[in-house]
Amino acid sequence: MGSRAGSGSQHEARLRSASARAHERRASATVDDMLRRARASHERGALLEAELGYRGVLGIDPDHADAWHLLGVLHFQHGRLDDADAAIARSIAHTPSALALANHASVLVALGRRDEALARLDHALALNPAHLRALLLRAGVLADLGQHAEAVAAYDRLLEHAPTLIEALWRQAASLHVLQRHADALAACDRALAVDRRSFDAHRQRARILRDLRRFDEALEHYARALAVVPNSAEILLMQGLTLADLGRLDQALASLNEAIAGQPDFIDALYNSAVMLERIGRYDDALARCDRVLALDAAHAGALANRGNALFGLARYADALASYDASLRAAPHFIEVLCNRARTLTRLRREAEALESCDRAIALDANYAMAWYTRGRILQCLHRYPDALASYDRVLALDPADQLAHYQRGNVLRSMMRHDEALAAYDRVVALDPQNIAANFTKAFVYLQMGDFERGWPAYEWRWREDQVGAHKRAFAQPLWLGEDSIDGRTILLHAEQGLGDTLHFCRYAKFVKARGARVIVEVQGALKSVLADVDGIDEVVGYGEPLPPFDAHCPLLSLPLVFRTNLASIPSDVPYLRARPERVAKWQATLGERTRARVGIAWSGNPNHLDDHNRSILLDHLLPLLTDDVEWVSIQKVVRDEDRPALDASRIRHFGDELGSFADTAALMECLDCIVSVDTSVAHLAGALGRPLWIMLPFLPDWRWLLGRDDSPWYPTARLFRQSRAGQWSDVFERVAAALRSVAHAAPAALPT
1 MGSRAGSGSQ
11 HEARLRSASA
21 RAHERRASAT
31 VDDMLRRARA
41 SHERGALLEA
51 ELGYRGVLGI
61 DPDHADAWHL
71 LGVLHFQHGR
81 LDDADAAIAR
91 SIAHTPSALA
101 LANHASVLVA
111 LGRRDEALAR
121 LDHALALNPA
131 HLRALLLRAG
141 VLADLGQHAE
151 AVAAYDRLLE
161 HAPTLIEALW
171 RQAASLHVLQ
181 RHADALAACD
191 RALAVDRRSF
201 DAHRQRARIL
211 RDLRRFDEAL
221 EHYARALAVV
231 PNSAEILLMQ
241 GLTLADLGRL
251 DQALASLNEA
261 IAGQPDFIDA
271 LYNSAVMLER
281 IGRYDDALAR
291 CDRVLALDAA
301 HAGALANRGN
311 ALFGLARYAD
321 ALASYDASLR
331 AAPHFIEVLC
341 NRARTLTRLR
351 REAEALESCD
361 RAIALDANYA
371 MAWYTRGRIL
381 QCLHRYPDAL
391 ASYDRVLALD
401 PADQLAHYQR
411 GNVLRSMMRH
421 DEALAAYDRV
431 VALDPQNIAA
441 NFTKAFVYLQ
451 MGDFERGWPA
461 YEWRWREDQV
471 GAHKRAFAQP
481 LWLGEDSIDG
491 RTILLHAEQG
501 LGDTLHFCRY
511 AKFVKARGAR
521 VIVEVQGALK
531 SVLADVDGID
541 EVVGYGEPLP
551 PFDAHCPLLS
561 LPLVFRTNLA
571 SIPSDVPYLR
581 ARPERVAKWQ
591 ATLGERTRAR
601 VGIAWSGNPN
611 HLDDHNRSIL
621 LDHLLPLLTD
631 DVEWVSIQKV
641 VRDEDRPALD
651 ASRIRHFGDE
661 LGSFADTAAL
671 MECLDCIVSV
681 DTSVAHLAGA
691 LGRPLWIMLP
701 FLPDWRWLLG
711 RDDSPWYPTA
721 RLFRQSRAGQ
731 WSDVFERVAA
741 ALRSVAHAAP
751 AALPT
């Protein structure tokens, strides 16, 4: 009985065990099938269905490692990084695998936890040293951490197992590039391209390396090949545009960037760099609009704010430019280039002390930033602090002995210090570095002419046509240029003005010498001068700018005539007057002025505000008022008054006629009614000199070349007397000497004064 009973209990136990095993087999079969279906859904992109499947498996088996792993991968694909981290970590805690560890590393990288990612990858490779994904990820993480030497070694380890893995080859090339192992980097790209000649990534990486090596044309070839694979790649179009810009092909660069924007309208890098191109081309309004598109996407984009400042500077909107630079610096306080551009802008606003402070901030950030020292030198130049400016340029040259701009500006400073031979040596250094340097060759002409070395000066002055500002006015006539070599007897020649009003008044005197060669002489001039030049000896016809030109056989710019006639100091044509006022106009102005009871002196204190040297030549009227004593009747001979001078003019006793001076013919007639003209170096001074009127010219320390050096007379204008600054920027001593000279005029009896 007992035996039967025991036998029955054992059987029941066996039955229960068998039943449990059968249940487990059925459950396992159910879980495996559920996982298989969920994985299939995942693979075909039905992610919600897949997630429900994985969760169903975990509902049955909460520790199912594969389900946790795959659910983590799905979370990662959805961008749910924290959920992905937790899920894959739970999978690994139950059953670590090389694949799960590698995928967890990817999640950790996305979370910015690269050190933890490296630990996971090391674990994966301990389980499977040949796991390609883990090897590739590990090398990439090392590169992300800036450990490029270690990354290169890691890629080598991977390539031992997979020598034709293109991703490993081009990524290794990227790390080699950072390490400046350029030959090895190019070789790695070549290995990738040997596997697949159409590898987009390999062409892109090779182009980047070649661009950094300044092999721009080769870089463009590989960008073109990358675009052949992915025709509308915004990234490649951007890089192609930047490379075209490196070559100076700015219009093509802009076209490439615009193509990138057309495909990806919110691509900030392309928008920003296209704004840079527009500013460099000089399309400032378009550059502003493009910057505004960038700032609409990123209001604190320091580069766009900076480039907006550059465009505003180009439009001469200096206060607005300064505000934009300041906004850029709030976004990026260490933006050293902006500090320099800010300094340049403050200089234009005549806030030189603040400009120097901005340069000093830049230098404090990087004492080896040459542009900061260069900008500082330019500001010090404007302040007439010439020894300090030289020291700044010397710092630039210590950093780069071949810096042409620093050598050139150093020459300008030496010229401003009247050290002309040293200035020429500095310009010669520039020309030795670049024989075609326009600025240095052209400026040498000014030095020669100022020194009275006309034999070298006039030929060098022909370099002006290559300079941007003067060259922009070069005329492209079908008729030949005449420089004196060919006979013009019986032919018609066009002499054309090319620069300022004063230059035209100065050099129209040469017309009679052209006429003496047997030519009919037509002169094309600024409209304001047309009437006053009508009676100049040797001129047969005067044409204003923009008027139809009569037929002519040859042409010559006015300022090339001294070269044609080989003018030297001894042969300057100095006969005056060569301009004359119309008697009826003189009578009109005599009536306007009325009876004379005191000496009448004309005064001109400012010239063209756009002249490059205006800040040295013009004088604020307020500074000049102490000179204007009541024992002289002062008459303004300038038509335009600047806003900053208007209060002083209104408070003075200067007679100002403004728009009543309709043309230079009116000004000439008014001058004939004056006893003397006191003027800064401007067009009315040339008019007075050409009329042969008594003329006193107030000149800066470094005057224009035509006033030569160290003399108080002018061989060009025999009736002129020159009052030069004895120190740069200091007008007080000039005013004292002019005042002393005026006393002799003021005390002359009115009856004895010329009429």
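Counting in the UniProt record's numbering, the sequence shown runs from 1 upward without gaps. C-beta atoms are modelled at their ideal positions from N, C-alpha and C, and glycine is treated no differently.
Check your understanding: Which word fits A444, buried or exposed, when buried means at least 16 other C-beta atoms lie within 10 angstroms of its C-beta?
Key -> By 1-based counting over the sequence shown, the position of residue 444 is 444. Going by the sequence as given, residue 444 is Lys instead of Ala. Buried is the call here.
Check your understanding: Excluding sequence positions up to five away, which residues of its chain have a Cβ less than 6 Å from the Cβ of R204?
Key -> By one-based count along the sequence shown, residue 204 stands at place 204. Within the same chain, R204 has close Cβ partners A226.
**Study point:** Close beta carbons around R26, own chain, < 8 Å, minus the five adjacent residues each side
**Key:** Looking up residue 26 in the sequence shown gives position 26. Residue confidence for R26 is low, a pLDDT of 44 falling below 50, so the modelled location carries little weight and cannot support an answer.
Check your understanding: Helix, strand or coil: how does DSSP classify R26 here?
Key -> Translated into positions along the sequence shown, residue 26 becomes position 26. Unreliable placement is indicated for R26, whose pLDDT of 44 sits below 50; the coordinate value is still reported in the next sentence. Helix at R26.
Check your understanding: According to DSSP, is C676 helix, strand or coil?
Key -> Taking the sequence shown and counting its residues from 1, the one referred to as residue 676 is at position 676. Note: C676 maps to strand in three-state DSSP.
Review point. If you compare alpha carbons, which of G140, L271, V640 and A287 is closest to G607?
Key: Position 607 of the sequence shown, counting from 1, holds the residue named residue 607. A check of alpha carbon separations from G607 across G140, L271, V640 and A287 identifies V640 as the nearest.
Practice item. Give the straight-line distance between the Cα atoms of F513 and S560, rounded to the nearest whole angstrom. Key: Position 513 of the sequence shown holds residue 513. Position 560 of the sequence shown holds residue 560. The straight-line gap from Cα to Cα measures roughly 13 Å.
Check your understanding: Which runs of the alpha helix (DSSP H) fall wholly inside the UniProt repeat "TPR" (98-131) and span at least 4 residues, in chain order?
Key -> 98-110 and 114-127
Check your understanding: Taking the continuous beta strand (DSSP E) assigned at W634, which residues delimit it?
Key -> Stepping through the sequence shown from its first residue, residue 634 is reached at position 634. Per DSSP, W634 belongs to the beta strand (DSSP E) from V632 to S636.
Practice item. In angstroms with no decimal places, state the Cα-to-Cα distance between L322 and G309. Key: Along the sequence shown, read from residue 1 onward, the residue named residue 322 stands at position 322. Along the sequence shown, read from residue 1 onward, the residue named residue 309 stands at position 309. Rounded to whole angstroms, L322 to G309 spans 7 Å at the Cα level.
Review point. Does DSSP put R376 in a helix, in a strand, or in coil?
Key: Here residue 376 refers to the residue found at position 376 when the sequence shown is read from its first residue. DSSP places R376 in helix when its eight states are reduced to three.
Practice item. Look up L691 in the DSSP assignment and say whether it is helix, strand or coil. Key: Position 691 of the sequence shown, counted from the start, is the residue given in the question as residue 691. Of the three classes helix, strand and coil, the one that applies to L691 here is helix, per DSSP.
Review point. What residues match up with residue 756 in a beta bridge as DSSP calls it?
Key: Residue 756 lies beyond the residue range present for the chain, which begins at 1 and ends at 755; the question has no answer from this structure.
Exercise for review: Can you grab the Cα-Cα spacing for the pair A440 / R580, in whole Å?
Suggested key: Taking the sequence shown and counting its residues from 1, the one referred to as residue 440 is at position 440. Taking the sequence shown and counting its residues from 1, the one referred to as residue 580 is at position 580. Between A440 and R580, the C-alpha separation is close to 39 Å.
Point to revise | Exposure of N103, with buried meaning 16 or more beta-carbon neighbours within 10 Å | key: Taking the first residue of the sequence shown as position 1, residue 103 is located at position 103. Under this definition N103 is a buried residue.
Point to revise | Sequence-distant residues of its chain with Cβ nearer than 7 Å to V536 (five each side left out) | key: Counted from its first residue, the sequence shown places residue 536 at position 536. Excluding residues up to 5 positions away in sequence, C508, A511, Y578 and L579 lie with their Cβ nearer than 7 Å to the Cβ of V536 in the same chain.
Review point. Can you give the beta carbon distance from T243 to L257, rounded, assuming they're within the 8 Å contact cut?
Key: In the sequence shown, counting from the first residue as 1, residue 243 sits at position 243. In the sequence shown, counting from the first residue as 1, residue 257 sits at position 257. Going by Cβ atoms, the distance from T243 to L257 rounds to 11 Å, so no, they are not a contact pair.
Point to revise | Burial state of T345 (16 or more Cβ within 10 Å) | key: Start at 1 with the first residue of the sequence shown, and residue 345 comes out as number 345. Counting Cβ neighbours within 10 Å, T345 comes out buried, since at least 16 surround it.
Exercise for review: Quick one: grab the DSSP three-state call for residue 757.
Suggested key: Missing from the structure shown is residue 757; the chain here goes from 1 to 755 and no further.
Point to revise | Inter-residue Cα distance where the pair is Q409 and A117 | key: Along the sequence shown, read from residue 1 onward, the residue named residue 409 stands at position 409. Along the sequence shown, read from residue 1 onward, the residue named residue 117 stands at position 117. Distance between the alpha carbons of Q409 and A117: 55 Å.
Exercise for review: For T755, count neighbouring C-beta atoms within 10 Å of its own C-beta (all shown protein chains included) and say buried if the count is 16 or more, exposed if not.
Suggested key: For this step, residue 755 is matched to residue 755 along the sequence shown. Reliability fails at T755, whose pLDDT of 30 lies under 50, so the model's placement of it is uncertain and the value that follows must be treated cautiously. Per the 10 Å Cβ criterion, exposed.
Check your understanding: Straight-line CA distance for V576 to R317?
Key -> As a first step, residue 576 is located in the sequence shown; it is residue number 576 there, counting from the start. As a first step, residue 317 is located in the sequence shown; it is residue number 317 there, counting from the start. So the two alpha carbons sit approximately 43 Å from each other.
Check your understanding: Below 8 Å between beta carbons: does that hold for H384 and G729?
Key -> For the purposes of this step, residue 384 is taken as the residue at position 384 of the sequence shown. For the purposes of this step, residue 729 is taken as the residue at position 729 of the sequence shown. The answer is yes: Cβ separation under 8 Å.
**Study point:** Under the three-state DSSP convention, the category R21 falls into
**Key:** Translated into the one-based positions of the sequence shown, residue 21 becomes position 21. Model confidence at R21 stands at a pLDDT of 45, short of 50, so the residue's coordinates are unreliable; what they give is reported in the following sentence. In the three-state scheme derived from DSSP, where H, G and I count as helix and E and B as strand, R21 is classed as helix.
Review point. Based on Cα-Cα distance, which residue from Y325, L74, A331 and D394 lies nearest to N341?
Key: Here residue 341 refers to the residue found at position 341 of the sequence shown. Closest by alpha carbon: Y325.
Exercise for review: Indicate whether A501 and P715 have their beta-carbon atoms separated by less than 8 Å.
Suggested key: Here residue 501 refers to the residue found at position 501 of the sequence shown. Here residue 715 refers to the residue found at position 715 of the sequence shown. What sits at residue 501 in the sequence shown is Leu, not Ala. Cβ distance not < 8 Å, so L501 and P715 don't count as in contact.
Check your understanding: Leaving out five residues before and five after A124 in sequence, what residues of the same chain have Cβ atoms less than 7 Å from its Cβ?
Key -> Counting from one through the sequence shown, the residue named residue 124 turns up at place 124. Closer than 7 Å at Cβ, skipping near neighbours: A98, L101, A102, H131 and A134.
Review point. Cβ of W731 within 8 Å of Cβ of H611?
Key: For the purposes of this step, residue 731 is taken as the residue at position 731 of the sequence shown. For the purposes of this step, residue 611 is taken as the residue at position 611 of the sequence shown. It is not a contact, given that the beta carbons lie outside the stated cut-off.
Review point. Whole-angstrom Cβ separation of A287 and A253, contact assumed at under 8 Å?
Key: Here residue 287 is taken as the residue at index 287 of the sequence shown, counted from 1. Here residue 253 is taken as the residue at index 253 of the sequence shown, counted from 1. A287 to A253, Cβ: 14 Å. No contact.
Exercise for review: Kindly give me the distance between the Cβ atoms of V678 and V738, rounded to whole angstroms, as I take these residues to be in contact under 8 Å.
Suggested key: The residue you call residue 678 lines up with position 678 of the sequence shown. The residue you call residue 738 lines up with position 738 of the sequence shown. About 6 Å; that satisfies the 8 Å criterion.
Exercise for review: Measure the CB-CB distance between I166 and A188 and report whether it falls below 8 Å.
Suggested key: Mapped onto the sequence shown, residue 166 falls at position 166. Mapped onto the sequence shown, residue 188 falls at position 188. It is not a contact, given that the beta carbons lie outside the stated cut-off.
Review point. In the DSSP assignment, what residue or residues form a beta bridge with M698?
Key: For the purposes of this step, residue 698 is taken as residue 698 along the sequence shown, with counting starting at 1. The partner list for M698 (beta bridge, DSSP) reads V680 and F723.
Review point. Does the beta-carbon of T592 have 16 or more other beta-carbons within 10 angstroms, so that it is buried, or is it exposed?
Key: Working through the sequence shown from its first residue, we reach residue 592 at position 592. With a 10 Å radius around the Cβ and a threshold of 16 neighbouring Cβ atoms, T592 comes out exposed.
Review point. Do D403 and V396 have their C-beta atoms within less than 8 Å of each other?
Key: Within the sequence shown, the letter at position 403 stands for residue 403. Within the sequence shown, the letter at position 396 stands for residue 396. Yes.
Review point. Below 8 Å, can you find three or more Cβ-Cβ pairs linking the stretch 271-278 to the stretch 290-306?
Key: yes
Check your understanding: Going by the beta-carbon positions, is the gap between E547 and A599 smaller than 8 Å?
Key -> Here the question's residue 547 lines up with position 547 in the sequence shown. Here the question's residue 599 lines up with position 599 in the sequence shown. Not in contact: E547 and A599 (Cβ atoms no closer than 8 Å).
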